[in-house]
Amino acid sequence: MRRLLFALVVGLTLFQPLFHNQAVAASPRLVSAEARQGYQPEIGKGWQEAVVHVADPKPWIAFFTEDAGWKVASQGPIDPAILQAWQLPSGVTGQEVLLVNPGDGKGWVRLISLKGIASEPIRPAAQAWDPGGYFSLMTRSRQAKAIYDKAIARGWTAYNSPQEFTFGGVKLANVVIRGPDGVNVSIYERLEPKLEGWETTRGISRVFNVMTMVKDFEAERAFFQEGLGFGAWFIGNYEDKVPVATNFGLPVNLSVQIPRRSGILWESQSEDGRVELMRFVGLEGVDHASRARYANRGIVALRLPVTDLDAWIGRVRARQIEVHTSANPVDLAPYGKVRLAWVQSPNGGIVEAFEVLPVSPR
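In mature numbering (1 follows the signal peptide of the UniProt record, and there is no 0), the protein residues as written are -25 to -1, 1 to 337.
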C-alpha cells in the first residue's frame, strides 16, 4: 500500500513496467529507497546507458521530456566514490539526472554535471568527419521531421535537414540534431518497410546505438572486437551513386567521392547496445581524442553491465588493455551498490563495465 500511494503521489505509474514496480521519484532528487536498490540490467546485450556530461542539464531535460516523450527517472548528487573512480581531483562534486524512455529497461541517458574542475567540449565545433570521442546517440522515430522541427524551434541545429537514403534494403530518413555541449542525437525513421515493434516509442526511442568517428578504423575495431569481445553485424563501405545531400553535411559533390567506412558492432545479436564506427575515407579532420575524458563535456562513456567484473577485467587485461578500477563499491541508482571499472579506446571512447552487487538484507 505504501508503494502504491507513493506512485500515485508522484504520478509515476508509467515507470512500473520499467523498474518492476520499484517506485522512482521524478522531481528533486528524490530517488526512493526502493528505487535505489537492486535493479538488474540485462547482461550480454551491449551497453545499458550512455553517460553524457553537460554544462546545464535543463535544455536536455526539456528536449527529452517535452519532445522525445521520455521521463526523468532519478536525479541527485553523484556518489563521490564514482568521481574518485573516474580519477577526478578531490573537491570535485557532481550532479546527475537519469533519463529513460518509459517502458524500456535500457538505452538510457545519464546526464552529469561537474563542479570544481575546468571543462570544455570533447568535440568543440566539430565536423562530422572529425575523429575523437563519441559522435552521436542513435535513436528511432516515426516522426523524424517533427522532432527535427521541435529541435530547430529550441534554437538547436543539425548537420542537415532530414535526408532519405537506403541501407540494407531499408529506406530511411535520418537527421543528426546538434544540441549543446557538442552532443548529437541521430534520429532514424524507417520509411519502407515501416518500423515494426518498438511500441514504447512516442517521440524518439531508447538509444540503441552510439556512433563514433574514428581516425584509425582497424585499431578501434580491434579494441571492441578482440579487446571487449563484441561481434560485427556489418563492416563495409557506404557510397552514394549520384551526388546527393547527406545526413552528415558532406558537400554534395563529394558524396560520390568519399566512401563512409562503417562497422556496426554488438555484444550479441541484438538491436540494442551497439557501437558504430565510421571513417570518412579520404577526409582528414581535426582529431579530438585527446579531450575525451570524464572532466570534459559530451558523450563521455557507455556503461556495460557484466555478471562478474573480476573475470571481465582479467579478459580485457589479457588483451593488453589498461583497466581502471574503483577501490570500493559505489552507489548508482537504480542498481544500488555496484563495482565498476573502465577502459578507453584508441579513439577516446570510454566503456565503463559494472557489476550489480546483491542487495543486503535489511
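Note that beta-carbon positions come from the ideal geometry of N, C-alpha and C, so glycine has one too.
Contacts around residue i, its chain only, beta-carbon distance under 8 Å, and the 5 residues preceding and following it disregarded
{"i": "T175", "result": "N76, P77, G78, D79 and R181"}
{"i": "R85", "result": "E24, A25, V26, V27, E71, V72, L73, L74 and R278"}
{"i": "N135", "result": "V150, V151, A220, T221, N222, F223 and G224"}
{"i": "residue 345", "result": "Outside the displayed range of the chain (-25 to 337) lies residue 345, so it cannot be described from this structure."}
{"i": "D31", "result": "S88 and P155"}
{"i": "S94", "result": "H28, A30, A270, N271 and R272"}
{"i": "I36", "result": "V47, V72, L74 and L86"}
Boundaries of the beta strand (DSSP E) in which residue i is found, first to last residue
{"i": "residue 339", "result": "Only positions -25 to 337 of the chain appear in this structure, which leaves residue 339 out of reach."}
{"i": "Q70", "result": "T68 to V75"}
{"i": "T114", "result": "S111 to R115"}
{"i": "E24", "result": "E24 to H28"}
{"i": "S237", "result": "R235 to W241"}
{"i": "E246", "result": "Careful: E246 lies outside any beta strand (DSSP E) and carries neither H nor E."}
{"i": "T187", "result": "N184 to M188"}
{"i": "T141", "result": "Q138 to F142"}
{"i": "Q319", "result": "G311 to Q319"}
{"i": "D306", "result": "V305 to L307"}
{"i": "G51", "result": "K46 to P52"}
{"i": "V334", "result": "No beta strand (DSSP E) contains V334, which DSSP labels as neither H nor E."}
{"i": "R272", "result": "Where R272 is concerned, there is no enclosing beta strand (DSSP E), given that its DSSP letter is neither H nor E."}
{"i": "I18", "result": "Looking at the DSSP string, I18 is not in any beta strand (DSSP E), and its letter there is neither H nor E."}
{"i": "F209", "result": "G206 to Y213"}
{"i": "R165", "result": "N159 to E167"}
{"i": "residue 354", "result": "This structure leaves residue 354 out entirely; the chain is present only between -25 and 337."}
{"i": "K90", "result": "W83 to K90"}
Segment limits, alpha helix (DSSP H) that includes residue i
{"i": "K120", "result": "A119 to A128"}
{"i": "E195", "result": "F192 to A197"}
{"i": "L58", "result": "P55 to A60"}
{"i": "K33", "result": "P32 to A37"}
{"i": "G289", "result": "L284 to A293"}
Neighbourhood of residue i by C-beta distance below 6 Å, restricted to the same chain and skipping five residues each side
{"i": "Y310", "result": "Y14 and V331"}
{"i": "G323", "result": "G107, G108, A264 and A267"}
{"i": "V326", "result": "L277, L279 and V318"}
{"i": "A126", "result": "I152"}
{"i": "M188", "result": "P106, F110 and M253"}
{"i": "E214", "result": "P234"}
Rounded distance between the beta-carbons of residue j and residue i, thought under 8 Å
{"i": "I57", "j": "V305", "result": "5 Å"}
{"i": "D247", "j": "F183", "result": "5 Å"}
{"i": "R266", "j": "R254", "result": "About 19 Å separates the two Cβ atoms, so there is no contact after all."}
{"i": "L258", "j": "G238", "result": "L258 to G238, Cβ: 17 Å. No contact."}
{"i": "L307", "j": "A60", "result": "11 Å between Cβ atoms; not a contact."}
{"i": "V185", "j": "V275", "result": "Contact doesn't hold; Cβ gap of about 11 Å is too wide."}
Buried or exposed by the 16-neighbour rule on C-beta atoms within 10 Å, applied to residue i
{"i": "Q50", "result": "buried"}
{"i": "N222", "result": "buried"}
{"i": "M334", "result": "What sits at residue 334 in the sequence shown is Val, not Met. The residue is exposed, with fewer than 16 neighbouring Cβ atoms inside 10 Å."}
{"i": "Q244", "result": "exposed"}
{"i": "R196", "result": "buried"}
{"i": "A62", "result": "It is Gln, not Ala, that sits at residue 62 in the sequence shown. Classification for Q62: exposed."}
{"i": "A194", "result": "exposed"}
{"i": "A43", "result": "buried"}
{"i": "K20", "result": "buried"}
{"i": "N212", "result": "exposed"}
{"i": "E164", "result": "buried"}
{"i": "S320", "result": "buried"}
{"i": "K169", "result": "exposed"}
{"i": "E242", "result": "buried"}
{"i": "S116", "result": "buried"}
{"i": "P64", "result": "exposed"}
{"i": "F199", "result": "buried"}
{"i": "G82", "result": "buried"}
{"i": "A100", "result": "exposed"}
{"i": "A119", "result": "buried"}
{"i": "F142", "result": "exposed"}
Beta carbon proximity, residue i to chain C, threshold 8 Å
{"i": "V256", "result": "Reference to chain C is not applicable here, since this structure consists of a single protein chain."}
Close Cβ partners of residue i (< 7 Å) along its chain, the five nearest in sequence each way excluded
{"i": "V(-17)", "result": "At V(-17) the pLDDT is 28, less than 50, meaning the model places this residue with poor confidence; the figure from the coordinates comes in the next sentence. No residues qualify anywhere along the chain."}
{"i": "Q102", "result": "G260"}
{"i": "I53", "result": "G69, Q70, E71 and I87"}
{"i": "P218", "result": "V227, N228, S230 and V231"}
{"i": "V160", "result": "S111, L112, T114, I152 and G154"}
{"i": "residue 339", "result": "Residue 339 lies beyond the residue range present for the chain, which begins at -25 and ends at 337; the question has no answer from this structure."}
{"i": "K146", "result": "E139, L166 and E167"}
{"i": "L5", "result": "Unreliable positioning characterises L5 in this predicted model, as indicated by a pLDDT of 39, which lies under 50. The coordinate reading is nonetheless provided below. None."}
{"i": "G66", "result": "G91"}
{"i": "P96", "result": "D156, G157, N271, R272 and G273"}
{"i": "G313", "result": "Note that residue 313 corresponds to Val in the displayed sequence, not to Gly. P304, V305, L307, F329, E330, V331 and L332."}
Would you call the segment 115 to 133 and the segment 147 to 165 touching, i.e. three or more CB-CB distances under 8 Å? yes
When you compare the segment 88 to 99 with the segment 288 to 308, are there three or more beta-carbon pairs, one atom per stretch, that lie closer than 8 Å? no
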